[in-house]
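Asks:
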Amino acid sequence: MLHIDSLTKVYRRGVRANDDISLDVDAGRVTGLLGHNGAGKTTLLHQVVGLVRPTSGRIRLLGRDPVADPAYARSACSFQPQSQAPLTGVTPRQAIEIVGRIRGGRRGAVRKRTAGLLAGLGIEEWADAPAERLSGGVRRLTAFCMAIVEPGRLVMLDEPTNDVDPVRRRLLWAQIRSLAAAGHAVVLVTHNIAEAERTIDRVVVLDHGRVVAAGSPADLAAGRDTGLEEVYIGLTGGNDSATLVP
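Residue numbers (full-length UniProt numbering): 1 to 246.
(1) Let me know the beta strand (DSSP E) ranges lying completely inside the region 77-129, each 3 residues or longer, listed in chain order.
(2) What is the rounded straight-line gap between the Cα of Met156 and the Cα of Thr236?
(3) If you pair each beta-carbon of the region 75-89 with each one of the region 144-158, do three or more pairs fall below 8 Å?
(4) Report yes or no: do three or more beta-carbon pairs, one from the region 60-70 and one from the region 35-46, lie closer than 8 Å?
(5) Based on the DSSP secondary-structure assignment, which residues constitute the bridge partners of Ser56?
(6) Taking only three categories from DSSP, how would you classify residue 316?
(7) Assuming Val25 and Met1 form a contact by the criterion Cβ under 8 Å, report the distance between their Cβ atoms to the nearest whole angstrom.
(8) Under a Cβ-count criterion, where at least 16 other Cβ atoms within 10 Å of its own Cβ denotes burial, should Ala182 be classed as buried or exposed?
(9) Taking contact to mean at least 3 C-beta pairs separated by less than 8 Å, is the region 122-142 in contact with the region 90-97?
(10) What residue range is occupied by the uninterrupted alpha helix (DSSP H) comprising Ala181?
(11) Return the Cβ separation of Ala76 and Arg153 in integer angstroms, given the expectation that the two are a contact with Cβ distance under 8 Å.
(12) Per DSSP, what kind of secondary structure is Ala68 in: helix, strand or coil?
(13) Can at least three beta-carbon pairs, one atom from the region 197-217 and one from the region 12-24, be found at a separation below 8 Å?
(14) Identify, in the order they occur along the chain, each residue of the same chain with its Cβ nearer than 7 Å to the Cβ of residue 263, setting aside the five sequence neighbours on each side.
(15) Just curious, the alpha helix (DSSP H) that Val138 is in, first and last residue?
(16) In whole angstroms, what is the alpha-carbon distance linking Gly28 and Val164?
(17) Grouping DSSP H, G and I as helix and E and B as strand, with all else coil, what is Ile21?
(18) Less than 8 Å between the C-beta atoms of Glu195 and Trp173, yes or no?
(19) What does the alpha-carbon distance come out to for the pair His3 and Gly32?
Spelled out as structure tokens, the structure:
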């Protein structure tokens, strides 16, 4: 589905956001992208959807180059960014349905899918509320729905659980698993490692822009009496300080 080979992104003053990254993302699986603040996770996703141009290396999405053809990348990908979507002047239902129609969904199918997502995430009571009155968690879940109402073959989610309460986080993880079960490739950026461990099939750990470990959660924890969160801390030294790199 997604093949990345020797990808490097260098910003001004020589700051390396991504440093010789190679990885594959397969259909029907959830790949967790873990790393401290500033490890280059968001920069990596932005290159896949054509928002940032790599300094060197190669990306192939379904055999095509998203850097050369960003319009194709955005049709083949669904992307929930880390920043909250601007929803002023619309309700959650309207925002989700608008995106579904823009992405080519039929009106009736989009309405049905929207209603199912709102119910499945437990936010239907706010479906028709003005966006200005929504909590941060409901806004985040609305953005998630906007990303998956008409999902691309590749779905990329940057911190989808931020601000979301524990009950609805569990519903969110179930929706993510259902995407993979339907054959989509899912890339998930999260700091909520303990919960993500039950959802992801493969883990890629970034540290200062480089891949320092990759494999299933069980593989990374093999031979250790510990969970994925402790393995991650051991690999990165617990470094979670912000840097100049997104």
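Note that the Cβ used here is the ideal one computed from N, Cα and C, for glycine as well.
Replies: Quick answer:
(1) Entirely contained in the region 77-129, the beta strand (DSSP E) runs reaching 3 residues are, in chain order, 77-80.
(2) C-alpha separation (whole angstroms): 23 Å.
(3) Enough Cβ pairs lie closer than 8 Å, so yes.
(4) The way I'd put it, the region 60-70 doesn't touch the region 35-46; fewer than three beta-carbon pairs between them come closer than 8 Å.
(5) Secondary-structure assignment with DSSP links Ser56 through a beta bridge to Thr8.
(6) For the chain, the structure presents residues 1 to 246; residue 316 sits outside this window and is missing.
(7) Rounded to the nearest angstrom, the Cβ distance from Val25 to Met1 is 6 Å, consistent with a contact under 8 Å.
(8) Flag for Ala182 reads exposed.
(9) Yes, the region 122-142 touches the region 90-97.
(10) First-last of the alpha helix (DSSP H) with Ala181: Pro166 to Ala181.
(11) The Cβ separation is near 5 Å, so the contact holds.
(12) Ala68: coil per DSSP, three-state reduction.
(13) The region 197-217 and the region 12-24 touch, with no fewer than 3 CB-CB distances between them shorter than 8 Å.
(14) Lying before the first or after the last residue shown, residue 263 is absent from the chain, which here runs from 1 to 246.
(15) Here the alpha helix (DSSP H) through Val138 covers Gly136 to Ile148.
(16) If you draw a straight line from the Cα of Gly28 to the Cα of Val164, it comes to about 25 Å.
(17) Ile21 sits in a strand when the DSSP states are folded into three classes.
(18) For Glu195 and Trp173, yes; Cβs fall inside 8 Å.
(19) If you take the alpha carbons of His3 and Gly32, they lie about 15 Å apart.
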